[in-house]
Amino acid sequence: MGLKVKIVDFSTVTEVEKDISAVLFQYPDTHGSVQNFKNLIDKTHAAGALVCCATDLMALTMMKSPGEIGADVAVGNSQRFGVPLGYGGPHAAFFACKNNLVRIMPGRMVGVSRDVDGKDAYRLALQTREQHIRRDKATSNICTAQALLANMAAMYAVYHGPAGLQKIAERIHHSTVVCAKGLESGGHVVRNSQFFDTLKIQPSLPVQDIKARAEAQQINLRYFPDGDIGISIDETVRERDINDIFAIFNVDVTAEQVSQRPDTLSSSLEQSEWRRTSSYLTQPVFNSHHSETQIMRYMKSLENKDISLVHSMIALGSCTMKLNSATEMLPSSMPEFGNIHPFAPVSQVGGYHQMFKEFEADLCDFTGYDNISFQSNR
0 MGLKVKIVDF STVTEVEKDI SAVLFQYPDT HGSVQNFKNL IDKTHAAGAL
50 VCCATDLMAL TMMKSPGEIG ADVAVGNSQR FGVPLGYGGP HAAFFACKNN
100 LVRIMPGRMV GVSRDVDGKD AYRLALQTRE QHIRRDKATS NICTAQALLA
150 NMAAMYAVYH GPAGLQKIAE RIHHSTVVCA KGLESGGHVV RNSQFFDTLK
200 IQPSLPVQDI KARAEAQQIN LRYFPDGDIG ISIDETVRER DINDIFAIFN
250 VDVTAEQVSQ RPDTLSSSLE QSEWRRTSSY LTQPVFNSHH SETQIMRYMK
300 SLENKDISLV HSMIALGSCT MKLNSATEML PSSMPEFGNI HPFAPVSQVG
350 GYHQMFKEFE ADLCDFTGYD NISFQSNR
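Residue numbers (numbering that gives the first Met the number 0): 0 to 377.
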């Protein structure tokens with residue numbers, strides 16, 4: 000399309016050129032830091048450009064929303080939101096924008112209408128495919144519906160609700176704060192001043208020694224070219240895991256000890272300018288179905304509103320209504336299949352690579368193609 004992409008350090012930006020159409024930043028960023036983008040956002044808007052924020056759903060239960068900090072568009076993925084890691088995919092994306100941009104956003108816009116009885120009825124107000132329109136003119140064919148994964152993430156939010164998600168996020172963040180304070184007490188430097196679940200550490204020990212101990216504990220860390228080490232915490236991490244990290248970094252303290260320190264209790268996003276005070280997930284559906292029985296009944300009620308193979312043959316062979324058989328669904332919850340991190344070392348993912356090779360060979364055999372690409376279609 001002839002667009003130029005410039006990669007810059009936002010901390011060094013003094014002016015935004017008039018020919019810039021949009022600025023994209025991460026919140027939190029790849030190092031886990033939560034930065035103040037107010038100056039950048041103000042200068043971008045002054046130049047007549049849009050501000051796009053790539054963010055994380057779980058972090059936003061504790062942090063101010065992109066809209067509250069001035070962003071026009073928010074994007075991200077839902078992979079850590081109730082969906083298995085699965086070596087990096089598949090997972091659903093999310094895309095949100097201010098009201099004045101809604102009519103030019105890609106994807107599926109849902110409109111509200113009325114049925115014959117005057118009740119609210121929801122329908123897709125934009126076409127969902129558009130193969131008949133040239134690619135550069137279409138507004139939705141750049142979005143592939145990861146319907147199954149979107150439903151998994153949605154039901155995760157429905158089941159936990161805002162209060163449950165808040166508790167999960169607070170536990171993740173508290174564990175990260177404990178990890179940071181413990182490592183600092185051992186002489187290591189935490190590069191982040193504000194963070195949610197990820198730390199960038201300048202170790203006081205040789206990186207190779209730390210890496211060897213981490214591999215012995217079967218813990219994967221991120222190793223930066225500058226010698227720093229990245230640590231990310233999620234809801235599966237427990238106190239014993241934090242203690243293992245302390246042992247890897249040769250820190251003689253326990254997570255329980257660090258957790259009780261006053262400086263740990265005060266070092267939280269909840270005490271910072273980034274603390275979220277606005278409400279979210281206020282619709283009744285996110286505040287009603289918080290037991291196994293309730294969530295199952297709700298999902299069944301949704302199923303009853305649609306046609307499926309349970310009821311009849313599916314007309315037209317729609318790609319959005321194909322059968323997901325039990326044998327296909329089973330691997331999504333298998334830990335050997337679902338718990339592989341997308342950046343896991345190649346030496347740890349031999350099974351995945353064998354599956355890729357066998358699948359490619361089968362597809363080539365079926366189709367007569369020479370090669371098959373598995374690159375993302377999203």
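The beta carbon of each residue, even a glycine, is placed where N, CA and C say it ideally should be.
Check	Outcome
CA-to-CA distance, Ser-20 to Lys-97, given in whole angstroms	16 angstroms
Bridge partner(s) assigned by DSSP for Ile-230	Leu-198
Rounded C-alpha distance that separates Asn-140 from Arg-113	Its pLDDT being 47, under 50, Asn-140 is placed unreliably by the model, and the measurement read from it follows with that caveat. Each residue's alpha carbon lies about 28 angstroms from the other.
Neighbourhood of Gly-69 by C-beta, 6 angstroms cutoff - its chain only, sequence neighbours within 5 removed	Ile-40
Option in Cys-52, Phe-358, Gly-81 with minimal Cα separation from Val-74	Cys-52
Burial state of Asn-76 (16 or more Cβ within 10 Å)	buried
CA-to-CA distance, Asn-242 to Ala-179, given in whole angstroms	12 angstroms
At least 3 beta-carbon pairs within less than 8 angstroms: the stretch 58-68 vs the stretch 158-175	yes
Own chain residues within Cβ distance below 8 angstroms of Ser-64, not counting five before or after	Ala-73, Arg-275, Ser-277, Tyr-279
Exposed unless 16 or more other CB atoms sit within 10 angstroms - verdict on His-310	exposed
Buried or exposed (CB count within 10 angstroms, at least 16 for buried), Ile-232	buried
Under 8 angstroms between C-beta atoms of Thr-54 and Val-22	no
Inter-stretch contact at 8 angstroms, needing at least 3 Cβ pairs: the stretch 213-226 / the stretch 284-301	no
Reduced DSSP category for Arg-345 - H, G, I as helix; E, B as strand; rest coil	Sequence inspection shows Val at residue 345; the Arg mentioned does not correspond to that position. Of the three classes helix, strand and coil, the one that applies to Val-345 here is helix, per DSSP.
Option in Glu-359, Thr-326, Glu-16, Ser-10 with minimal Cα separation from Lys-3	Glu-16
Beta-carbon proximity of Val-284 to Val-157, cut-off 8 angstroms	yes
Cβ shell of His-187 (< 7 angstroms), same chain only, five flanking positions each side left out	Ile-200, Gln-201, Pro-202, Ser-203, Phe-248
Uninterrupted beta strand (DSSP E) stretches inside the stretch 71-99 (no shorter than 3 residues)	72-76, 92-96
Close-in-space but distant-in-sequence residues of the same chain around Val-378 (CB under 8 angstroms, 5 per side omitted)	The structure shown does not extend to residue 378, since the chain is modelled only from 0 through 377, so no value can be given for it.
Endpoints, the alpha helix (DSSP H) within which Ala-325 is located	325-328
Cut-off 6 angstroms between Cβ atoms - residues of its own chain near Val-50, not counting five sequence neighbours on either side	Val-22, Ile-40, Thr-43, Ala-70, Asp-71
Inter-residue CB distance, Phe-80 and Ala-152 (contact presumed, cutoff 8 angstroms)	5 angstroms
Cα-Cα separation between Ile-209 and Phe-373, rounded to whole angstroms	35 angstroms
Helix, strand or coil at Tyr-368 according to DSSP, with G and I counted as helix	coil
Inter-residue spacing [alpha-carbon to alpha-carbon] between Pro-261 and Val-7	38 angstroms
Three-state secondary structure (DSSP) of Met-154	helix
Bridge partner(s) assigned by DSSP for Arg-113	Asp-119
Cβ-based burial, Ala-91 [other Cβ within 10 Å; buried from 16]	buried
Status (buried if at least 16 other CB within 10 Å, exposed otherwise) for Ala-213	buried
Other residues of its chain near Asp-227: CB distance less than 7 angstroms, five sequence neighbours each side excluded	Arg-190, Lys-199, Ile-200, Gln-201
Phe-223 in three-state terms, based on DSSP	coil
Terminal residues of the alpha helix (DSSP H) in which Ala-254 lies	254-258
Inter-residue spacing [alpha-carbon to alpha-carbon] between Glu-183 and Gln-270	20 angstroms
Assigned secondary structure, Phe-248 (DSSP; H/G/I helix, E/B strand, else coil)	coil
Simplified DSSP state of Arg-274, which is helix, strand or coil	strand
Straight-line Cα distance separating Glu-357 from Ala-162	44 angstroms
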